[in-house]
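Below is one structure, written out as structure tokens; the observations come after it.
2 protein chains.
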Amino acid sequence: MADTLISPSRRLRTTPYSNRVAENGATGYTVYNHMWLPTVFGGLRQDYSHLKEYVQIWDVSVERQVEIKGPDAHKLACLISARDLSKAQVGRCYYAPICDQHGKMINDPVALRIADDQYWFSIADSDMLLWVQGLAYGMGIDVEVSEPDVSPLAIQGPMAEDLMVDVFGEAIRDIKFFRFAAFPFKGRMLNIARSGWSKQGGFEIYLDDSSLGEDLWDAIWDKGEKYYLRPGCPNLIERIEGGLLSYGNDMTREDTPLEAGLEKFINLDGDADFIGKAALIAQRDAGVTKRLMGIEMDGMEMTSVSVPEPLTVDGKKVGILTSAVFSPDYEGNIGFAMVSVEHAYDGAKVTVESLQGSREGTICEVGTMGKRVQEMIAFRKLPPE
Amino acid sequence: MADTLISPSRRLRTTPYSNRVAENGATGYTVYNHMWLPTVFGGLRQDYSHLKEYVQIWDVSVERQVEIKGPDAHKLACLISARDLSKAQVGRCYYAPICDQHGKMINDPVALRIADDQYWFSIADSDMLLWVQGLAYGMGIDVEVSEPDVSPLAIQGPMAEDLMVDVFGEAIRDIKFFRFAAFPFKGRMLNIARSGWSKQGGFEIYLDDSSLGEDLWDAIWDKGEKYYLRPGCPNLIERIEGGLLSYGNDMTREDTPLEAGLEKFINLDGDADFIGKAALIAQRDAGVTKRLMGIEMDGMEMTSVSVPEPLTVDGKKVGILTSAVFSPDYEGNIGFAMVSVEHAYDGAKVTVESLQGSREGTICEVGTMGKRVQEMIAFRKLPPE
């Protein structure tokens, strides 16, 4: 289905920054957690090049928070998270796949421990709120589970730190990767994390008062000119180059963290129990039958693939291409693929039955691909001798 | 936010009928339950007039099913539903608000009792699946909760019955309102209910095999010419005329069934317990502070209102207009409004602070408005003497 018009509705929530996003010329949107997420400003490639060189301001309010608060908040956070949070520290962020009892992924949020008795799970696109509320009620756990008025604003790109310092002060530089600290803004204390859905570096500001949305946007915008600040949004090319997976696209409710290649984020050998652990141990013991991998593809420049296309070997379907794009800096077609385990190894050859025509692909590890892409980009950017 | 382009994504699922919908010229869409729902074909008014005179085929695959199956299916269905399902019969449909323990609405599905040990809840736009799965796991209830491969196709309009008879046989006429029966199609038995999100009469076909989507569409399409069959979709004008509420638009997670005026669908005085009952009894005893009402508005023809606008009395905000539209057949502006209880009575005067300018409104009961609208339309359609 091509780009198409979407009708306005209260069901599709606007954000505290929506006016600014529209004024700044967003030309495409998607819907994510029942909310608008801009997807294009100048164009996919133009946004990409700018993101990698300067700094962008992103309305990522769609990263809704599932807040767990109360005496049993830590207990419940540990129970729902396949990532071991038993030693989670206040002020830190943790990428934490959430599974059902069958090990299938319900969401893959970033967990922030806000206080000893308070977590925020910054979610991907599913109503994880309802899963946690149902569990807490069903198990009689003493917590409050809610969606607070929190709308993250991301500042991403190599110049993000300097810009943020101009707005919030030098202490911004002290925030380490995947940690957060509180900074004053208009009488409130806003949690600011060094994080974000790009590999260009940057911050996410967890604004917890919608009425300050435009003030916050403007305060940053007003300092942005010398850094060539532009509005932006998560970029398909950049995130594939960086090996960043998208829940709902690269892996879904049908997949487990083992199938999605997220072993390093889960702990099956520790003492701590969590929902889905037994199923995941059983799957590890039996061996997975499919696995999410990187893929490089021959042929002409691909236009972006956001709806899966079949992968075949000798005419037999062996998986799907979940996301793909031409990377201008890498000068090649790259993407992610969920493939049967027999073909889930570095160097495996597959055929992509793309709407853009058939082409040959070579499978690799997601991490390997990301690393190779980054190295080759760095090499190509060396000045001529 | 005006009509805008939406980018394709795997997260936004296509349906078994998407190709047919696109081929037949859908010009607008929305996203509902992570899936495409067409919103416009010829235009809002053209679609409306046609729906009320002939028959339309609607892709309402977004009405996803939450299936509860197993020994405790009936027990769990009764526990989650504010509608009393204790005597629910196989073959019947029940409009069943689903609440959390605070009485706030999580969804407002139609429940179908498929078998003694099996329910489908045909849901509005929230991942109610996760609520039920969380509850079932948390409470240790012996059921399977899943989203089956079921994609409803609606046939709506005054000529729906004759068309359906041509496709499925005379037995279609025996299906009473809000009941369903199974009919053969291509070797499967499909549940067909006399139901649908219009007041023009019609059916919903619960196709439970995606691979047959285009066959089913075509089988109906091929018989449609003599009934002036066209593709269509839920229509804002028609549904407001008919008093049909939209979860997420007219009432949300912030509202209870008592506030949404849904008293007649819930049973607070019976013996059966359900999640949210105690909170709703407490609210009934204390009295609600706001209530969903109908509203009629003066002035020029309104273009459709799908994002709430404030209602005031003497300059003070007293509520919101949740949906509104000009009804050509009624020759007036009508809508729904969530207003503070002091103004929630038939005849109350309010001011609508619309983007289209300020105008006067008169509050009425949703049911009263629907009835008056229908009567006036019938009167206006009488042939001249």
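For the protein sequence lines, the chains are A and B, in the order given. Each residue of the first sequence is one higher than the one before, counting from 1 in the working numbering. Each residue of the second sequence is one higher than the one before, counting from 1001 in the working numbering. Even glycine gets a Cβ: it sits at the ideal position worked out from N, Cα and C. In this text the structure is predicted, and so the values were computed from the model without any measurement.
Original post:
When the Cα atoms are used, what is the spatial distance from Glu-1147 of chain B to Leu-216 of chain A?
Top reply: By 1-based counting over the second sequence, the position of residue 1147 of chain B is 147. By 1-based counting over the first sequence, the position of residue 216 of chain A is 216. Cα to Cα, Glu-1147 of chain B sits roughly 41 Å from Leu-216 of chain A.
Original post:
What do you reckon, are the CB atoms on Gly-1213 of chain B and Ile-1155 of chain B nearer than 8 Å?
Top reply: One-based indexing of the second sequence puts residue 1213 of chain B at position 213. One-based indexing of the second sequence puts residue 1155 of chain B at position 155. Cβ distance not < 8 Å, so Gly-1213 of chain B and Ile-1155 of chain B don't count as in contact.
**OP:** Quick one: using the 10 Å Cβ neighbour count with 16 as the cut-off for buried, is Pro-234 of chain A buried or exposed?
**Re:** As a working mapping, residue 234 of chain A is identified with position 234 in the first sequence. By the neighbour-count rule (16 or more Cβ atoms within 10 Å), Pro-234 of chain A is buried.
Subject >> Distance between beta carbons of Leu-236 of chain A and Phe-336 of chain A, contact taken as under 8 Å >> reply: Taking the first residue of the first sequence as position 1, residue 336 of chain A is located at position 336. Taking the first residue of the first sequence as position 1, residue 236 of chain A is located at position 236. That belief does not hold up - the Cβ atoms of Phe-336 of chain A and Leu-236 of chain A are roughly 11 Å apart, past 8 Å.
Subject >> Heavy atom of the ligand MG within 7 Å of Tyr-1137 of chain B beta-carbon >> reply: Looking for the ligand MG in the displayed structure turns up nothing, as the structure carries no ligands at all.
Original post:
With C-beta atoms as the reference, is Val-420 of chain A less than 8 Å away from Leu-311 of chain A?
Top reply: In the structure as shown, chain A starts at 1 and stops at 385, and residue 420 of chain A therefore has no counterpart that could be examined.
Original post:
Does Ser-1126 of chain B come within less than 8 Å of chain A when only Cβ atoms are used?
Top reply: Residue 1126 of chain B sits at position 126 when you count from the first residue of the second sequence. At least one beta carbon of chain A lies nearer than 8 Å to the beta carbon of Ser-1126 of chain B.
**OP:** Quick one: give me the first and last residue of the alpha helix (DSSP H) that Ser-354 of chain A is part of.
**Re:** Numbered from its first residue, the first sequence carries residue 354 of chain A at position 354. Premise fails: Ser-354 of chain A lies in the beta strand (DSSP E), 349–354, not in any alpha helix (DSSP H).
Original post:
Does the stretch 41–54 of chain A touch the stretch 136–147 of chain A, meaning 3 or more C-beta pairs lie closer than 8 Å?
Top reply: They do not touch, by the three-pair rule.
Subject >> Presumed contact (8 Å Cβ cut-off) between Gly-1276 of chain B and Val-132 of chain A, rounded CB distance >> reply: Position 276 of the second sequence holds residue 1276 of chain B. Position 132 of the first sequence holds residue 132 of chain A. Actually they are not in contact, since the Cβ atoms of Gly-1276 of chain B and Val-132 of chain A sit about 17 Å apart, beyond 8 Å.
Original post:
Which chain A residues are close to Val-1389 of chain B, counting only those with a beta carbon under 8 Å from its beta carbon?
Top reply: With chain B covering only 1001 through 1385, there is no way to say anything about residue 1389 of chain B.
Original post:
Going straight from the alpha carbon of Ile-1006 of chain B to that of Val-305 of chain A, what length do you get?
Top reply: If you number the second sequence from 1, residue 1006 of chain B lands on position 6. If you number the first sequence from 1, residue 305 of chain A lands on position 305. Cα-Cα distance, rounded: 15 Å.
Original post:
CA-CA distance, Gln-65 of chain A and Ala-111 of chain A?
Top reply: Start at 1 with the first residue of the first sequence, and residue 65 of chain A comes out as number 65. Start at 1 with the first residue of the first sequence, and residue 111 of chain A comes out as number 111. Looking at the two C-alpha atoms, the distance is approximately 9 Å.
Original post:
Residues of chain B with CB under 7 Å from Thr-249 of chain A, in chain order?
Top reply: Here residue 249 of chain A is taken as the residue at index 249 of the first sequence, counted from 1. Note on residue identity: the sequence assigns Asn, not Thr, to residue 249 of chain A. Ser-1009, Arg-1010, Arg-1011, listed in chain order.
Subject >> the stretch 23–31 of chain A / the stretch 78–90 of chain A touching (three or more Cβ pairs under 8 Å) >> reply: Judged by Cβ distances under 8 Å, the stretch 23–31 of chain A makes no contact with the stretch 78–90 of chain A, as fewer than three pairs qualify.
Original post:
So, helix, strand or coil for Lys-1317 of chain B, using DSSP?
Top reply: The residue labelled residue 1317 of chain B in the question sits at position 317 within the second sequence. Strand at Lys-1317 of chain B.
Original post:
First and last residue of the alpha helix (DSSP H) that includes Val-1031 of chain B?
Top reply: Taking the second sequence and counting its residues from 1, the one referred to as residue 1031 of chain B is at position 31. No alpha helix (DSSP H) contains Val-1031 of chain B, which is instead part of the beta strand (DSSP E) from 1028–1032.
Subject >> Helix, strand or coil at Ile-1057 of chain B according to DSSP, with G and I counted as helix >> reply: Counted from its first residue, the second sequence places residue 1057 of chain B at position 57. It is a strand residue.
Original post:
When burial is assigned at 16 or more other CB atoms within 10 Å of the CB, is Gln-283 of chain A buried or exposed?
Top reply: Against the first sequence, residue 283 of chain A aligns to sequence position 283. It is buried - the Cβ of Gln-283 of chain A has at least 16 other Cβ atoms within 10 Å.
Subject >> Residues that Met-393 of chain A contacts on chain B, provided the C-beta gap is smaller than 8 Å >> reply: This structure cannot speak to residue 393 of chain A, because chain A is shown only from 1 to 385.
**OP:** Along the alpha helix (DSSP H) that carries Thr-1368 of chain B, what are the first and last residues, could you check?
**Re:** Position 368 of the second sequence holds residue 1368 of chain B. Here the alpha helix (DSSP H) through Thr-1368 of chain B covers 1366–1380.
Original post:
Can Arg-1011 of chain B and Asp-125 of chain A be called in contact, C-beta distance under 8 Å?
Top reply: Reading the second sequence from its first residue, position 11 is the one you call residue 1011 of chain B. Reading the first sequence from its first residue, position 125 is the one you call residue 125 of chain A. Yes, these two residues count as a Cβ contact at 8 Å.
Subject >> Those residues which DSSP pairs with Gln-1156 of chain B across a bridge >> reply: As a first step, residue 1156 of chain B is located in the second sequence; it is residue number 156 there, counting from the start. Answer is B:Gln-1056, B:Gly-1202, bridged to Gln-1156 of chain B.
**OP:** Buried or exposed for Ser-358 of chain A, please, with buried defined as at least 16 other CB atoms from any protein chain shown within 10 angstroms of its CB.
**Re:** As a working mapping, residue 358 of chain A is identified with position 358 in the first sequence. Label assigned to Ser-358 of chain A: exposed.
Original post:
Quick one: which chain A residues come within Cβ less than 8 Å of Val-941 of chain B?
Top reply: The structure shown has nothing for residue 941 of chain B, since chain B only spans 1001 to 1385.
Original post:
By Cβ distance below 7 Å, which residues in the same chain neighbour Tyr-1345 of chain B in space, the five residues on each side in sequence not counted?
Top reply: On the second sequence, residue 1345 of chain B is found 345 positions in, with the first residue counted as 1. Cβ within range, chain order: Ile-1363.
**OP:** Starting from the Cα of Lys-226 of chain A, find the closest Cα among A:Met-300, A:Gln-200, A:Met-159, A:Ile-295 and give me that residue.
**Re:** Stepping through the first sequence from its first residue, residue 226 of chain A is reached at position 226. Closest by C-alpha distance to Lys-226 of chain A, out of A:Met-300, A:Gln-200, A:Met-159, A:Ile-295, is A:Met-159.
Original post:
So which residues on chain D does Asp-100 of chain A lean against when the C-beta distance must stay under 7 Å?
Top reply: The question asks about chain D, but that chain is absent: this structure's protein chains are A and B.
Original post:
When DSSP labels each residue in this structure, what does Gln-133 of chain A get in the three-state scheme?
Top reply: To locate residue 133 of chain A, count along the first sequence from 1; it is residue 133. The answer is helix: DSSP assigns Gln-133 of chain A an H, G or I state.
**OP:** Taking all protein chains shown into account, decide if Ala-193 of chain A is buried (16 or more other Cβ within 10 angstroms of its Cβ) or exposed.
**Re:** The residue labelled residue 193 of chain A in the question sits at position 193 within the first sequence. Counting Cβ neighbours within 10 Å, Ala-193 of chain A comes out buried, since at least 16 surround it.
Original post:
From Glu-1171 of chain B to Phe-1177 of chain B, what distance separates their C-alpha atoms?
Top reply: One-based indexing of the second sequence puts residue 1171 of chain B at position 171. One-based indexing of the second sequence puts residue 1177 of chain B at position 177. Residue 1171 of chain B is actually Ala in this sequence, not Glu. In a straight line, the C-alpha of Ala-1171 of chain B is about 14 Å away from that of Phe-1177 of chain B.
Subject >> C-alpha distance - Gly-1187 of chain B paired with Ile-1106 of chain B, whole-angstrom precision >> reply: In the second sequence, counting from the first residue as 1, residue 1187 of chain B sits at position 187. In the second sequence, counting from the first residue as 1, residue 1106 of chain B sits at position 106. Going from the Cα of Gly-1187 of chain B to the Cα of Ile-1106 of chain B covers about 36 Å.
Original post:
Is the CB of Ile-106 of chain A under 8 Å away from at least one CB in chain B?
Top reply: Here residue 106 of chain A refers to the residue found at position 106 of the first sequence. Yes, Ile-106 of chain A counts as interfacial toward chain B.
Original post:
What does Thr-362 of chain A reach in chain B if we use C-beta pairs closer than 9 Å?
Top reply: Here residue 362 of chain A is taken as the residue at index 362 of the first sequence, counted from 1. Those do not exist, as Thr-362 of chain A stays about 22 Å from chain B at its closest Cβ, beyond 9 Å.
Original post:
Closest Cβ-Cβ distance between Val-1040 of chain B and chain A: below 8 Å?
Top reply: Looking up residue 1040 of chain B in the second sequence gives position 40. Closer than 8 Å to some Cβ of chain A, the Cβ of Val-1040 of chain B qualifies, so yes.
**OP:** Using the Cα positions of Thr-15 of chain A and Ser-198 of chain A, report the straight-line distance between them to the nearest angstrom.
**Re:** On the first sequence, position 15 is the one that residue 15 of chain A refers to. On the first sequence, position 198 is the one that residue 198 of chain A refers to. Thr-15 of chain A and Ser-198 of chain A: Cα-Cα distance of roughly 21 Å.
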